[in-house]
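Protein chains in written order, with numbering that gives the first Met the number 0: chain A, 0 to 395; chain B, 0 to 395.
Taking it in order: structure first as structure tokens, then the write-up.
There are 2 protein chains.
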Amino acid sequence: MRRMTARPANAHQARLLRLLRDGGPNSRAQLGDQVDLSRSKLAVEVDRLLETELVVADGLAASRGGRRSHNIRLNPHLRFLGVDIGATSVDVAVTNAELEILGHINQPMDVREGPVAVFEQVLAMAAKLRATGLAEGFDGAGIGVPGPVRFPEGIPVAPPIMPGWDGFPVREALSQELGCPVMVDNDVNLMALGEQHAGVARTVADFLCVKIGTGIGCGIVVGGEVYRGTTGSAGDIGHIQAVPDGRPCACGNRGCLEAHFSGAALARDATEAAEQRLSPELATRLEANGTLSAVDVAAAAAAGDATALDLIREGGNRTGQVIAGLVSFFNPGLVVIGGGVTGLGHTLLAAIRTQVYRGSLPLATGNLPIVLGELGPTAGVIGAARLISDHLFSPA
Amino acid sequence: MRRMTARPANAHQARLLRLLRDGGPNSRAQLGDQVDLSRSKLAVEVDRLLETELVVADGLAASRGGRRSHNIRLNPHLRFLGVDIGATSVDVAVTNAELEILGHINQPMDVREGPVAVFEQVLAMAAKLRATGLAEGFDGAGIGVPGPVRFPEGIPVAPPIMPGWDGFPVREALSQELGCPVMVDNDVNLMALGEQHAGVARTVADFLCVKIGTGIGCGIVVGGEVYRGTTGSAGDIGHIQAVPDGRPCACGNRGCLEAHFSGAALARDATEAAEQRLSPELATRLEANGTLSAVDVAAAAAAGDATALDLIREGGNRTGQVIAGLVSFFNPGLVVIGGGVTGLGHTLLAAIRTQVYRGSLPLATGNLPIVLGELGPTAGVIGAARLISDHLFSPA
DNA sequence: CTACTTTTTCCACTCTCAGGACAAAGGCGG
DNA sequence: CCGCCTTTGTCCTGAGAGTGGAAAAAGTAG
Numbered sequence: 000m001r002r003m004t005a006r007p008a009n010a011h012q013a014r015l016l017r018l019l020r021d022g023g024p025n026s027r028a029q030l031g032d033q034v035d036l037s038r039s040k041l042a043v044e045v046d047r048l049l050e051t052e053l054v055v056a057d058g059l060a061a062s063r064g065g066r067r068s069h070n071i072r073l074n075p076h077l078r079f080l081g082v083d084i085g086a087t088s089v090d091v092a093v094t095n096a097e098l099e100i101l102g103h104i105n106q107p108m109d110v111r112e113g114p115v116a117v118f119e120q121v122l123a124m125a126a127k128l129r130a131t132g133l134a135e136g137f138d139g140a141g142i143g144v145p146g147p148v149r150f151p152e153g154i155p156v157a158p159p160i161m162p163g164w165d166g167f168p169v170r171e172a173l174s175q176e177l178g179c180p181v182m183v184d185n186d187v188n189l190m191a192l193g194e195q196h197a198g199v200a201r202t203v204a205d206f207l208c209v210k211i212g213t214g215i216g217c218g219i220v221v222g223g224e225v226y227r228g229t230t231g232s233a234g235d236i237g238h239i240q241a242v243p244d245g246r247p248c249a250c251g252n253r254g255c256l257e258a259h260f261s262g263a264a265l266a267r268d269a270t271e272a273a274e275q276r277l278s279p280e281l282a283t284r285l286e287a288n289g290t291l292s293a294v295d296v297a298a299a300a301a302a303g304d305a306t307a308l309d310l311i312r313e314g315g316n317r318t319g320q321v322i323a324g325l326v327s328f329f330n331p332g333l334v335v336i337g338g339g340v341t342g343l344g345h346t347l348l349a350a351i352r353t354q355v356y357r358g359s360l361p362l363a364t365g366n367l368p369i370v371l372g373e374l375g376p377t378a379g380v381i382g383a384a385r386l387i388s389d390h391l392f393s394p395a
Numbered sequence: 000m001r002r003m004t005a006r007p008a009n010a011h012q013a014r015l016l017r018l019l020r021d022g023g024p025n026s027r028a029q030l031g032d033q034v035d036l037s038r039s040k041l042a043v044e045v046d047r048l049l050e051t052e053l054v055v056a057d058g059l060a061a062s063r064g065g066r067r068s069h070n071i072r073l074n075p076h077l078r079f080l081g082v083d084i085g086a087t088s089v090d091v092a093v094t095n096a097e098l099e100i101l102g103h104i105n106q107p108m109d110v111r112e113g114p115v116a117v118f119e120q121v122l123a124m125a126a127k128l129r130a131t132g133l134a135e136g137f138d139g140a141g142i143g144v145p146g147p148v149r150f151p152e153g154i155p156v157a158p159p160i161m162p163g164w165d166g167f168p169v170r171e172a173l174s175q176e177l178g179c180p181v182m183v184d185n186d187v188n189l190m191a192l193g194e195q196h197a198g199v200a201r202t203v204a205d206f207l208c209v210k211i212g213t214g215i216g217c218g219i220v221v222g223g224e225v226y227r228g229t230t231g232s233a234g235d236i237g238h239i240q241a242v243p244d245g246r247p248c249a250c251g252n253r254g255c256l257e258a259h260f261s262g263a264a265l266a267r268d269a270t271e272a273a274e275q276r277l278s279p280e281l282a283t284r285l286e287a288n289g290t291l292s293a294v295d296v297a298a299a300a301a302a303g304d305a306t307a308l309d310l311i312r313e314g315g316n317r318t319g320q321v322i323a324g325l326v327s328f329f330n331p332g333l334v335v336i337g338g339g340v341t342g343l344g345h346t347l348l349a350a351i352r353t354q355v356y357r358g359s360l361p362l363a364t365g366n367l368p369i370v371l372g373e374l375g376p377t378a379g380v381i382g383a384a385r386l387i388s389d390h391l392f393s394p395a
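Below you can see the structure in the form of structure tokens.
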């Protein structure tokens, strides 16, 4: 099939496309209720969108008491690719124009192998999805990488955990390979976008999205838009000092949040506890697998292991203290906790909540929900699809 | 003179008014270069503005090689009132439409005397300024209060240091008394606006403005706009924990930044040092005045007093640590330090810089200026004038 | 089948706005 | 002082956007 290349010609068309994306198929009449346009104008714009094949007519809608309206929907052949590159694994998903996931693959992979190797794998995964018949090609792709990005160019800058990627033209390279427009962003920002689009943050304009995985980062949404900071490193909270004169961190400082709590830190703490025989539960798991990860701690905690619970609680307290500061500063309407470590569940959440509600002023916490992300591992790829669709569904 | 009541009728007119406000008098031709409008359209809009008397023709501009253009300027009779209510003093200033300060009064006053008493004084000060012939009335007023504000309504909410003000309809009351539109905001946000308009932050889209006075607050500017948070308490960094298990704070927690460093904390520390005879310099000043304030510490430090310097340095370190965290999180393009305590000058600034540059990642600090505010005590009133002018110079 | 709704199309009319033509005003070299 | 140039301001026309009424089309309810 021939790929769509058209873009909305004006703000009205862009508005309509986003309504169809977020609200699904819609009758012309319903669209008219949602935008402030005269019937004639609306008809003209819809006709033009039909001409470009960005949207298609799709049968008749149910009657609202009179003549039935024609349904309009985004072209069902449109396909977006969402890629979420984590520190230790890659997620690739295909969505339709309504950003519903049609297919999703996850594979372990070390981001430190460098952009060339990772790209090869991402393209292979995309090809595999295509081979299932879900897509014949892609109309756009969004990709998240675990580090700061110069957003307009789509180039990682000085990413600590993926050294080989510094300055690599991710956007351009992927665009070449896939033959479609590409947008690149930090993985945490994409998680925030995902939760905003289809998760817990649908109705909130200003919120924080804390992702605790191998590292810790925070997506910042201001007025419904992701805030990226001057150099694209906003939300990099893993290296905020959580413990004065605490543990040494890879960044050269001491006491960074990430050094005390994150997937990596937790695995190390657990291993240590197992070796010192503080926790029989963890010790058996270490013997069984050879290594320990956050998943093991979660399992041990679920089994009631006191040491594991302590580790989670302490980490949650530290994280909560940092978040409390951010809440005082940013006064968000919602805090979302996500990332791999959220398997730790309510023990973690309870510790974070305690610290935030205690450490911030009542005016800021009074009506502040602190919740786990709703989308789990799909938040990133949905956010990626959302990123590129936002780009494509805006006036050219 | 009859007050202006007109408002720009559309976005073009608003744009022109702001250009004239920020760029001063301008020829019609120069205006044409700055906005993307046809000559005819521009002429029409300018004519309409002339009709409303918001702008006036003002002689001929210098030739640019051909026919000389007519100059256009904002009506020189327009007057804005800027009010900055601090914890312990009030600033009132009159500006023209270009936000140049024509007259400025400062008076000590305790905000805890409540809104009625403070209003009386503010109105008296405004009357005094009017009596000098600077203004015959006001076309708009901006007012800053030292606490969180529900911005759309202009009502303080749960302000810790001004209990009597909770829920008092500042905007409506002042608007009644002055007979002109009024906007209310947090004093820190107004300082940020002031520095953005006429100070060090003129060219920066995203920055932080830390005000260290009786308390500590932080103005947040995102994309050129003040960010106020969900409940209007964004930037309330005084109660971020700076010292684990530190001093008890009025808010009920321990170790708040404000409890360890602020005008109030500094005065108490200085008094204690003087009483314990640790600092002869401070001791003599205490005997002379009966009390000590930040000013005394600044003077003692300037005279080389080691204790005073230590107090400043330690406070700067604490503040710097907190700011370092905020810089990691927010990745601003500039940090401005202002407020009453900035009399402590470079000792303070050096301490803050050290902590920030050491405690945040290079990508965030690489090109991050940390500077003192340029406007000193006038930042607040200029920001207040800017606030109301932004409101009035926007489409009705 | 009739009366009433809702949706859609068609059309005439208004309004905005860009850009060309031209007049007005000034600079500059001779 | 005089032509010739540039810049500025004004007027006018034509293209396009957009509105809202009228009527046709397609249903529903009784």
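All residues carry an ideal CB built from backbone N, CA and C; glycine is no exception.
Where residue i falls: helix, strand or coil (DSSP)
| i | result |
| --- | --- |
| Leu400 of chain A | Only positions 0 to 395 of chain A appear in the structure, and residue 400 of chain A is not among them; the question remains open. |
| Val355 of chain B | helix |
| Val187 of chain B | helix |
| Thr94 of chain A | strand |
| Val115 of chain A | helix |
| Ala134 of chain A | coil |
| Pro361 of chain A | helix |
| Phe206 of chain B | strand |
| Ala5 of chain A | coil |
| Ser327 of chain A | helix |
| Ile336 of chain A | strand |
| Glu152 of chain B | coil |
Host beta strand (DSSP E) of residue i (start-end)
| i | result |
| --- | --- |
| Gly58 of chain A | Val54 to Leu59 |
| His238 of chain B | Neither: His238 of chain B is in no beta strand (DSSP E) and is coded neither H nor E. |
| Gln106 of chain A | Ile100 to Pro107 |
| Ala140 of chain A | Gly139 to Val144 |
| Ile84 of chain B | Phe79 to Ile84 |
7 Å Cβ cut-off: residues of chain A touching residue i
| i | result |
| --- | --- |
| Leu325 of chain B | Phe328 |
| His238 of chain B | Ser327 and Leu360 |
Amino acids of chain B, ordered along the chain, whose beta-carbon sits closer than 8 Å to that of residue i
| i | result |
| --- | --- |
| Cys208 of chain A | By Cβ distance, chain B contributes nothing, its closest Cβ being about 13 Å from Cys208 of chain A, past 8 Å. |
| Pro331 of chain A | Gly228 and Thr229 |
| Ser252 of chain A | According to the sequence as given, residue 252 of chain A is Asn; it is not Ser. Per Cβ cutoff of 8 Å: Arg357 and Gly358. |
Sequence-distant residues of its chain with Cβ nearer than 6 Å to residue i (five each side left out)
| i | result |
| --- | --- |
| Phe167 of chain B | Pro114 |
| Leu340 of chain B | Checking the sequence shown, residue 340 of chain B turns out to be Val, not Leu. For Val340 of chain B, where only same-chain residues beyond five positions count, the Cβ hits under 6 Å are Ile211, Gly262 and Ala293. |
| Phe206 of chain B | Ala200, Val220, Pro331, Gly332 and Leu333 |
| Ala266 of chain A | Leu291 and Ser292 |
| Met182 of chain B | Gly141, Leu386, Ile387 and His390 |
Chain-order list of residues whose beta-carbon lies under 8 Å from that of residue i (same chain, five-residue window excluded)
| i | result |
| --- | --- |
| Glu176 of chain B | Phe118 and Leu122 |
| Asn74 of chain B | Met3, Glu52, Leu53, Val54, Val55 and Ala96 |
Start and end residues, alpha helix (DSSP H) containing residue i
| i | result |
| --- | --- |
| His400 of chain A | Look at the range of chain A in this structure, 0 to 395, and you will see that residue 400 of chain A is not part of it. |
| Ala300 of chain B | Ala293 to Ala301 |
| Arg72 of chain A | Here Arg72 of chain A belongs to no alpha helix (DSSP H); instead the beta strand (DSSP E) covers His69 to Leu73. |
| Ile369 of chain B | From DSSP, Ile369 of chain B is part of no alpha helix (DSSP H) but of the beta strand (DSSP E) over Ile369 to Leu371. |
Within chain B, partners of residue i - CB distance below 7 Å
| i | result |
| --- | --- |
| Leu192 of chain A | Correct list: empty, because the minimum Cβ distance to chain B is about 17 Å. |
| Ser278 of chain A | None at all; the shortest Cβ gap to chain B is about 27 Å. |
Beta-carbon separation (whole angstroms), residue i vs residue j, contact threshold 8 Å
| i | j | result |
| --- | --- | --- |
| Asp268 of chain B | Gly254 of chain B | Actually they do not touch by this definition, with Cβ atoms about 15 Å apart. |
| Ser278 of chain B | Thr306 of chain B | 4 Å |
| Val110 of chain A | Ile154 of chain A | So it is not a contact: roughly 16 Å between Cβ atoms. |
Chain-order list of residues whose beta-carbon lies under 7 Å from that of residue i (same chain, five-residue window excluded)
| i | result |
| --- | --- |
| Arg400 of chain B | Absent from the model: residue 400 of chain B. The displayed extent of chain B is 0 to 395, so no value can be given. |
| Gln33 of chain A | Leu18 |
| Ala383 of chain A | Gly81, Val82, Asp83, Gly141, Ile142, Gly143 and Leu189 |
| Gly379 of chain A | Asp83, Asp90, Gly143, Asp186, Leu189, Met190 and Gly193 |
Chain A residues whose Cβ lies nearer than 9 Å to that of residue i
| i | result |
| --- | --- |
| Gly216 of chain B | None at all; the shortest Cβ gap to chain A is about 10 Å. |
Under 9 Å from the C-beta of residue i: neighbouring residues of chain B
| i | result |
| --- | --- |
| Gln320 of chain A | Gln240 and Pro243 |
| Asp235 of chain A | Ser327, Phe328, Asn330, Ser359, Leu360, Leu362 and Ala363 |
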